[in-house]
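Input: a single structure, listed below in structure tokens.
In our numbering, the protein residues as written are 694 to 1049.
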């Protein structure tokens, strides 16, 4: 996406913000590397924005034997992915964002009965890793109708590693990206920024297909695949904010273009090329569809469409990486936002803003 670029105007916004907030010191080398370094995690942003087993990053699995982008499949019988509990194998299903197991002549494996059930993975054609369900917790969607939902704590182990519940498939974010706060009361242990999830919980949802490399989503529903979204990260946010087909986005008049715009916003894919300019834990507020600013915005960041940012005033990593403007400019050209009122869309479908 090539747009007329005014880097001096954006750069002046960075300087003004630095002066206003007293940010003068450069971040450490580790901070800058984490912010914009190469990521080998299924194409999502740095700091493990996808589930991870060993060093294999991925976000989706197929119920009928097809490999994902990491060449991982689920152990199958007669072409059906399996889930195993106490030595008994069931056909794995993901329906209405819940894991289930079906076997002829026995009750459906679901809910709390899933605890200690295992999904056995095949890597490059050989049995290898195992995902183990450590706990299942009933919750509800924090936006729209309070439909029931399940949150899972998922661990993994391998041939040389015994199951010990300590290797979670998700890495906890140190400080969740500030999505609009859930309106329903949460138990004390839950961070509202995680939208009803504990820091090491996951959600699963079927049907939505994502291109992790290009940060795009398909318009059609394909329930032969399911996604795993980690608390505080992009896929979980999309699901919990009703920006997925699985979460009834069309019921809330959230179109495919709107869903993709949200994906671009959450991953800071300003240029629409799939390159993210963010890390997990960056504070941000935004509005669009069901979402409204959770707190008073300090300064507009960008306006968004399904193709990326339509204008950009102050990148969210401006205080962590002093070279962020130049790095974005090396990827594409984006105009600064002439109207810096964060409450105005000006033809965009989403507006993101920074908080103090």
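Built from N, CA and C at the ideal position, the CB exists for glycine as well. All figures in this text were calculated on a predicted structure; none of them were measured in a lab.
For residue i, which residues in the same chain have their Cβ closer than 8 Å to its Cβ, ignoring the five residues on either side in sequence?
i: residue 1034; result: 993
i: residue 790; result: 842, 843, 896, 897, 898, 899, 932, 939, 940
i: residue 815; result: 765, 766, 767, 768, 821
i: residue 714; result: Any answer about residue 714 is weak, because its pLDDT of 31 lies below 50 and its placement is not dependable; what the coordinates show is given next. Correct list, in chain order: 1012, 1049.
Given a cut-off of 8 Å, decide if residue j and residue i are closer than it, judged by their beta-carbon atoms.
i: residue 1017; j: residue 1008; result: yes
i: residue 813; j: residue 799; result: no
i: residue 932; j: residue 922; result: yes
i: residue 898; j: residue 937; result: yes
i: residue 821; j: residue 852; result: yes
i: residue 827; j: residue 858; result: yes
i: residue 896; j: residue 980; result: no
i: residue 918; j: residue 902; result: yes
i: residue 907; j: residue 967; result: yes
i: residue 802; j: residue 767; result: no
i: residue 975; j: residue 1048; result: no
i: residue 845; j: residue 765; result: no
i: residue 794; j: residue 779; result: no
i: residue 957; j: residue 1011; result: no
i: residue 787; j: residue 807; result: no
i: residue 910; j: residue 864; result: no
i: residue 1046; j: residue 986; result: yes
i: residue 1004; j: residue 1025; result: no
Tell me residue i's beta-bridge partners as DSSP assigns them.
i: residue 919; result: 754, 899
i: residue 909; result: 904
i: residue 862; result: In the DSSP output, where bridge partners are listed per residue, residue 862 has none listed.
i: residue 979; result: 1045
i: residue 996; result: 1004, 1044
i: residue 786; result: 793
i: residue 845; result: 829, 895
i: residue 850; result: 823
i: residue 989; result: Its beta-bridge partners do not exist; DSSP assigns none.
i: residue 766; result: 815
i: residue 1013; result: Answer by DSSP bridge pairing: none, since residue 1013 is not bridged.
Evaluate residue i with the Cβ neighbour count: other Cβ atoms within 10 Å of its Cβ, from every protein chain shown; 16 or more gives buried, anything less gives exposed.
i: residue 944; result: exposed
i: residue 990; result: buried
i: residue 963; result: buried
i: residue 1040; result: exposed
i: residue 854; result: exposed
i: residue 797; result: exposed
i: residue 836; result: buried
i: residue 751; result: buried
i: residue 930; result: buried
i: residue 965; result: buried
i: residue 819; result: exposed
i: residue 770; result: exposed
i: residue 756; result: buried
i: residue 759; result: exposed
i: residue 886; result: buried
i: residue 1037; result: exposed
i: residue 817; result: exposed
i: residue 1032; result: exposed
i: residue 982; result: buried
Excluding sequence positions up to five away, which residues of its chain have a Cβ less than 7 Å from the Cβ of residue i?
i: residue 961; result: 969, 970, 971, 1009
i: residue 841; result: 831, 833
i: residue 942; result: 935, 936, 952
i: residue 761; result: 751, 753, 754, 755
Tell me which same chain residues have a C-beta within less than 6 Å of the C-beta of residue i, skipping the five on either side of it?
i: residue 890; result: 844, 924
i: residue 849; result: 746, 822, 824, 860, 862
i: residue 1002; result: 963, 995, 1027
i: residue 954; result: 997, 998, 999, 1042, 1043
i: residue 950; result: 999
i: residue 717; result: Caution applies to residue 717, whose pLDDT of 26 falls short of 50 and renders its modelled position unreliable; the value that the coordinates give is listed next. Closer than 6 Å at Cβ, skipping near neighbours: no residue.
i: residue 774; result: 756, 767, 785
**Q.** Complete beta strand (DSSP E) runs within the stretch 793-842 (minimum length 3 residues, chain order)
**A.** 811-816, 819-833
Q) Which residue spans inside the stretch 948-977 form an unbroken beta strand (DSSP E) run of at least 3? A) none
Q: Quick one: which unbroken alpha helix (DSSP H) runs of 4-plus residues sit fully inside the stretch 1015-1043? Chain order, please.
A: 1017-1024
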